[in-house]
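Chemist: These protein sequences, in sequence, are chains A and B. Using this note's numbering, the letters of the first sequence correspond one by one to residues 1 to 425. Using this note's numbering, the letters of the second sequence correspond one by one to residues 426 to 564.
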Amino acid sequence: MKKVTQFSVFLSLFILMLFIATSTSAQNIKPDTDNAGLTLPKGFAALKVADNVGRTRHIAVNKQGAIYAKLERLDNGKGIVVLKDTDGDGRAETKTTFANYIGTGIAIKGNYLYASSNKEVFKYALNENGDIVDENAAATLVTGLVDKGQHNSKSITLDNAGNIYVNVGAPSNACQEKDRTKGSMGMMPCPILDSAGGIWQFKTDQLNQTYATGVRYATGLRNVVGLDWNNELNQLFVTQHGRDMLNNLYPDLYDTTLSAELPSETMYAINKGDNAGWPYIYYDHIKGKKMMAPEYGGDGKKTVEDKYINPAIAFPGHMAPNGLLFYTGNQFPARYKNGAFIAFHGSWNRSPLPQEGYYVVFVPYENGKPTGKWEVFADGFSGKTVVKNPRDAQHRPCGLAEGPDGSLYVSDDVKGTIYRIMYQK
Amino acid sequence: MQRIFLVFVVMMISFTTVMAQTNNKLAAASAARGKMVYLQRCMVCHQADGGGVPKLNAPLDGSTAVNGTNIAKLVKYIVKGLNDRIEIDGEFYENAMPAADDLKDQQIADVLTFIRSNWSNKAGPVTLTQVKQIRSKLK
Numbered sequence: 001m002k003k004v005t006q007f008s009v010f011l012s013l014f015i016l017m018l019f020i021a022t023s024t025s026a027q028n029i030k031p032d033t034d035n036a037g038l039t040l041p042k043g044f045a046a047l048k049v050a051d052n053v054g055r056t057r058h059i060a061v062n063k064q065g066a067i068y069a070k071l072e073r074l075d076n077g078k079g080i081v082v083l084k085d086t087d088g089d090g091r092a093e094t095k096t097t098f099a100n101y102i103g104t105g106i107a108i109k110g111n112y113l114y115a116s117s118n119k120e121v122f123k124y125a126l127n128e129n130g131d132i133v134d135e136n137a138a139a140t141l142v143t144g145l146v147d148k149g150q151h152n153s154k155s156i157t158l159d160n161a162g163n164i165y166v167n168v169g170a171p172s173n174a175c176q177e178k179d180r181t182k183g184s185m186g187m188m189p190c191p192i193l194d195s196a197g198g199i200w201q202f203k204t205d206q207l208n209q210t211y212a213t214g215v216r217y218a219t220g221l222r223n224v225v226g227l228d229w230n231n232e233l234n235q236l237f238v239t240q241h242g243r244d245m246l247n248n249l250y251p252d253l254y255d256t257t258l259s260a261e262l263p264s265e266t267m268y269a270i271n272k273g274d275n276a277g278w279p280y281i282y283y284d285h286i287k288g289k290k291m292m293a294p295e296y297g298g299d300g301k302k303t304v305e306d307k308y309i310n311p312a313i314a315f316p317g318h319m320a321p322n323g324l325l326f327y328t329g330n331q332f333p334a335r336y337k338n339g340a341f342i343a344f345h346g347s348w349n350r351s352p353l354p355q356e357g358y359y360v361v362f363v364p365y366e367n368g369k370p371t372g373k374w375e376v377f378a379d380g381f382s383g384k385t386v387v388k389n390p391r392d393a394q395h396r397p398c399g400l401a402e403g404p405d406g407s408l409y410v411s412d413d414v415k416g417t418i419y420r421i422m423y424q425k
Numbered sequence: 426m427q428r429i430f431l432v433f434v435v436m437m438i439s440f441t442t443v444m445a446q447t448n449n450k451l452a453a454a455s456a457a458r459g460k461m462v463y464l465q466r467c468m469v470c471h472q473a474d475g476g477g478v479p480k481l482n483a484p485l486d487g488s489t490a491v492n493g494t495n496i497a498k499l500v501k502y503i504v505k506g507l508n509d510r511i512e513i514d515g516e517f518y519e520n521a522m523p524a525a526d527d528l529k530d531q532q533i534a535d536v537l538t539f540i541r542s543n544w545s546n547k548a549g550p551v552t553l554t555q556v557k558q559i560r561s562k563l564k
């Protein structure tokens, strides 16, 4: 009798587990009838996990599938949102909030959640359910980072050796003596680079680290918002926002069409000590060359051959690559594995031409290198065929995260929509 | 006597109407010149629709300050730029505004007249005299 009971308990548990496993897998989740308003490649479908969550910047998904989103503006005094799908339909049923600071960066590594304000980086322990152990017990890992408004978001990612990488954007367009002012020359050397315009490396197990105790891992990066650790290559990758206003500041050198296309938005594979060249140079994907910046003697023609690293891939100007994610899941077709997804927040600096971006791009990789061809993966966030003015965009993609089942999550920082993109054959 | 008064009133009305029409014409001409300044110097950040860029560059269309009576503040923003992080109609904007102190007084009057009367804005023109007066105190 005892054995039979044990067996039936085991059997019912097994059936229950099977039920849970199948009911939450992407194959069985019903997408939104309009795919959440997105246009996707064949076989892909999407749904809105949540709507009107707030200005959700970057997102992280734990092993249990709960979403942690970092807010740029406090929601009733709180800056991190936790969304949970409790009934397995793919949509979030519960929303809780914690942390009293705004910011962009959020990441999960091992049993810890890491989040950034615009000046600091914090660490929270997660329990076996992937929940925060104590919301009020944030450990301050890093403090005192530059925050002067412009380019102040501190994106974060982690390697497998106990390090966290933090972007410190330059509070400047091109390191001119007077920012964005016509006729003002570039400062030489650019003093901003001492404490910004690069990626800093800190330890995940040390408290209250500062510039003095951290490592300037890479420099010459104007403003990186998307960054991710590539586990296949064991290397840091970053996406840089290129400088603005070539035509406005140098109308004789750049017409409005050229100024809309240039400089390129760039993705770099970073090694320790790399210099990507901002503010002295910019990248021109049309020429395939590094160009001398006009504030430093450039004329739109002078190239720079050495010294600074080349991008892994370059995109048209001003599209604002805000989220970077190397896909490691098995849900999507094989060609997506180890390739890069980039969330382009969308441009403003292309007017009078129409704006560009406002979509998620896929960069195929082969043998650890981009094939060179990129493609629009998910479009339609803006709700417009053409975005003429940035305020017309209904949603703007910002953060990316991969779920435990290989679904791709995208956050929007206009209305706070969280999208889930699935492959459903 | 009554007739003289009536003639006087009619004369006054036609005079003010003509004056108003002249002012309107002047304002329209100023706005037209201001549009050219706007396209070259302001549109890159504030956009063709005056809507600005959410979170980066403040909108001019519908802005309380732009449509307000504190012309001195508007002239100052153009001449001196704006580096302080200030709240504008409940929102913060991250980009610094460069000083456009190379603009002539007339150009500033023109571009403000354009901005204050374009899109959904319905505020009155800014005159050369006003700009001259304000700017002399800025130095």
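Don't be surprised by glycine CBs; every beta carbon is placed ideally from N, CA and C.
So that I know if they touch, is there some Cβ in chain A lying closer than 8 Å to that of residue 468 of chain B?
Modeler: It does: the Cβ of residue 468 of chain B has a partner Cβ on chain A nearer than 8 Å.
Chemist: Is the Cβ of residue 474 of chain B closer than 8 Å to any Cβ of chain A?
Modeler: Chain A, which has a Cβ nearer than 8 Å to the Cβ of residue 474 of chain B, makes this yes.
Chemist: To which residues does DSSP link residue 366 of chain A through a beta bridge?
Modeler: BP columns for residue 366 of chain A point to A:369.
Chemist: Assuming residue 264 of chain A contacts residue 241 of chain A (C-beta within less than 8 Å), just tell me the rounded distance between them.
Modeler: Incorrect: roughly 11 Å between the Cβ atoms, too far for contact.
Chemist: Does any residue of chain C bring its CB to less than 8 Å from the CB of residue 388 of chain A?
Modeler: In the structure shown, chain C cannot be found, because the protein chains are A and B.
Chemist: Please list the terminal residues of the continuous alpha helix (DSSP H) segment that includes residue 319 of chain A.
Modeler: From DSSP, residue 319 of chain A is part of no alpha helix (DSSP H); its letter is neither H nor E.
Chemist: How big is the Cα-Cα spacing for residue 495 of chain B and residue 509 of chain B?
Modeler: Cα-Cα distance, rounded: 18 Å.
Chemist: Can you tell me where the beta strand (DSSP E) with residue 423 of chain A in it begins and where it stops?
Modeler: Its beta strand (DSSP E) spans residues 418-423.
Chemist: Tell me whether residue 153 of chain A counts as near the ligand FAD, meaning its Cβ is closer than 7 Å to at least one heavy atom of that ligand.
Modeler: Questions concerning the ligand FAD fall outside what the structure shown contains, since it holds no ligand whatsoever.
Chemist: So, with DSSP's three-state summary, where would you put residue 445 of chain B?
Modeler: Reduced to three states, the DSSP call for residue 445 of chain B is helix.
Chemist: Go ahead and label residue 334 of chain A buried or exposed: buried means 16 or more other beta carbons lie within 10 angstroms of its beta carbon, across all protein chains shown.
Modeler: With fewer than 16 other Cβ atoms within 10 Å, it is exposed.
Chemist: Output, in chain order, the set of chain A residues within a Cβ distance shorter than 8 Å of residue 388 of chain B.
Modeler: Lying outside 426 to 564, the shown extent of chain B, residue 388 of chain B is not represented and no answer is given.
Chemist: For residue 539 of chain B, does the count of other Cβ atoms within 10 angstroms reach 16, so buried, or fall short, so exposed?
Modeler: Per the 10 Å Cβ criterion, buried.
Chemist: Could you tell me whether the segment 293-301 of chain A touches the segment 361-377 of chain A, where touching means 3 or more Cβ pairs closer than 8 Å?
Modeler: Short answer: they don't touch.
Chemist: Around the C-beta of residue 122 of chain A, are 16 or more other C-beta atoms found within 10 angstroms, so that it is buried, or is it exposed?
Modeler: With 16 or more Cβ atoms within 10 Å of its Cβ, residue 122 of chain A is classed as buried.
Chemist: What does the alpha-carbon distance come out to for the pair residue 206 of chain A and residue 58 of chain A?
Modeler: One C-alpha to the other measures close to 24 Å.
Chemist: Relative to the C-alpha of residue 326 of chain A, which residue among A:101, A:129 and A:227 is closest?
Modeler: The shortest Cα separation from residue 326 of chain A among A:101, A:129 and A:227 belongs to A:227.
Chemist: Is the CB of residue 352 of chain A under 8 Å away from at least one CB in chain B?
Modeler: Yes - at least one Cβ of chain B is within 8 Å of the one on residue 352 of chain A.
Chemist: Kindly list the residues whose CB is nearer than 6 Å to the CB of residue 551 of chain B, restricted to its own chain and excluding five residues on each side of it in sequence; keep chain order.
Modeler: These residues qualify, in order along the chain: 496, 534, 537 and 538.
Chemist: For residue 514 of chain B, which residues from the same chain have a beta carbon less than 6 Å from its beta carbon, with the 5 sequence-adjacent residues on both sides left out?
Modeler: Excluding sequence neighbours, residue 514 of chain B sits near 489.
Chemist: Helix, strand or coil: which one does DSSP assign to residue 427 of chain B?
Modeler: It is helical.
Chemist: Note down, in chain order, every chain B residue with its Cβ under 9 Å from the Cβ of residue 79 of chain A.
Modeler: Here the premise fails: no neighbours, minimum Cβ distance about 15 Å.
Chemist: From residue 188 of chain A to residue 293 of chain A, what does the alpha carbon distance come to, in whole angstroms?
Modeler: Each residue's alpha carbon lies about 12 Å from the other.
Chemist: Identify the continuous alpha helix (DSSP H) that holds residue 530 of chain B and give its terminal residues.
Modeler: Taken as a continuous stretch (DSSP letters only), the alpha helix (DSSP H) holding residue 530 of chain B covers 530-542.
Chemist: Give the DSSP-derived three-state secondary structure of residue 398 of chain A in the structure shown.
Modeler: Residue 398 of chain A falls in the strand class under three-state DSSP.
Chemist: Using DSSP's beta-bridge definition, name the partner residues of residue 379 of chain A.
Modeler: Note: residue 379 of chain A sits in a beta bridge opposite A:39.
Chemist: Is any beta-carbon of chain B found at less than 8 Å from that of residue 150 of chain A?
Modeler: At least one chain B Cβ lies under 8 Å of residue 150 of chain A.
Chemist: Opposite residue 73 of chain A in the DSSP bridges: which residues?
Modeler: None; residue 73 of chain A has no bridge partner.
Chemist: Residue 223 of chain A: which of A:323, A:96 and A:254 sits nearest, CA to CA?
Modeler: If we check each option's Cα against that of residue 223 of chain A, A:323 comes out closest.
Chemist: Can you pull the chain A residues whose beta carbon is under 9 Å from the beta carbon of residue 478 of chain B, in chain order?
Modeler: Under the 9 Å cutoff, chain A gives 348, 349, 389, 390 and 391.
Chemist: Counting only Cβ pairs nearer than 7 Å, list the residues of chain B close to residue 248 of chain A.
Modeler: Residues of chain B passing the Cβ test: 469.
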